[in-house]
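Residue numbers (mature numbering (1 follows the signal peptide of the UniProt record, and there is no 0)): -27 to -1, 1 to 173. For glycine and all other residues, C-beta sits at the position ideal for the given N, C-alpha and C. See below for the structure under consideration.
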Amino acid sequence: MFQTAIRRSLRSALIALASLGALGASAAAIDVAGVKLDDGIELRGSKLQLNGAGIRYKTILKVYTAGLYLGNKVGTTEEVLAAAGPKRLTITLLRDIDANEFGKLFLRGVEDNSPRNEFGQLVPGLLRMGQLFADQKQLKAGDTFTVDWVPGTGTVITVKGAVQGESIKEQAFFNALLRIWLGPNPADWKLKDALLGKPT
């Protein structure tokens, strides 16, 4: 009787430890320039995993960290764009920056990486995004924003924890944003490799 009770207690303790281990694994994070990025997140009921993360440099200056979350890990731009389900790109600034200037860099990044025949249909979304950044005035080191693709909803942009306006329905717009970092003329080649999970 006594041994049975001990065995039950041990079993309960092992189950509790296993649960704690599972919680620890799900809460695991990587450090990118002092910014903690979770290995996995949940977006609108879907579990996503960190595909890759890195730092955007301008000359030798660190500008921001970026992390790409997908349902399954992939290694090419084409696979990222074709991946089904929700997706997230998260950016955390490492220095203060003029938000209007940041918006202009986004616009240039889309222009440099989008097929000419697609660019015209992207303009309304890009104008809205440019206005969104202009309204922010200044982005500070530590500020975070996310660009989410949610099937059935569209592109949802969140700045400093607040959703910005209506979603943009066309997937072509979200793909155009991703090409800023993953396209043929990315903002930073090392960051592109990092987001695709390649060693840098």
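Worksheet item: At which residue ranges does the region 63 to 139 contain complete beta strand (DSSP E) runs of 3 or more residues, listed in the order of the chain?
Response: DSSP runs (the beta strand (DSSP E)) wholly in the region 63 to 139: 117 to 123 and 127 to 132.
Worksheet entry | Rounded straight-line distance, which links the Cα of D121 to that of residue 179 | Beyond the ends of the chain as shown, which are -27 and 173, falls residue 179; an answer cannot be given.
Worksheet item: Okay, do the region 62 to 71 and the region 25 to 40 touch, 3+ Cβ pairs below 8 Å being the bar?
Response: Yes: the two stretches touch, three or more of their Cβ pairs being nearer than 8 Å.
Worksheet item: What does I28 pair with, by DSSP beta-bridge criteria?
Response: Beta-bridge annotation (DSSP): I28 is paired with T38.
Practice prompt. Find the nearest neighbour of G170 within the set D4, A26 and K20, judged by alpha-carbon distance.
Written response: Taking only the C-alpha atoms, the option nearest G170 is A26.
Discussion item. Give me, in chain order, the residues of the same chain whose beta-carbon lies closer than 8 Å to that of Q137; leave out the 5 immediate sequence neighbours on both sides.
Written reply: So the list reads L105, I130 and T131, once near-sequence residues are dropped.
Worksheet item: Of the residues T128, K133, L151 and I153, which one's Cα is nearest the Cα of E143?
Response: Comparing Cα positions, the closest option is T128.
Discussion item. I need the DSSP call for R17, collapsed to helix, strand or coil.
Written reply: In this structure, R17 counts as coil in the three-state DSSP scheme.
Worksheet item: For A55, which of helix, strand or coil comes out of DSSP?
Response: When secondary structure is reduced to three states using DSSP, A55 falls in the helix class.
Practice prompt. Look up D4 in the DSSP assignment and give the residues it is bridged to.
Written response: Looking at the DSSP assignment, D4 forms a beta bridge with K9.
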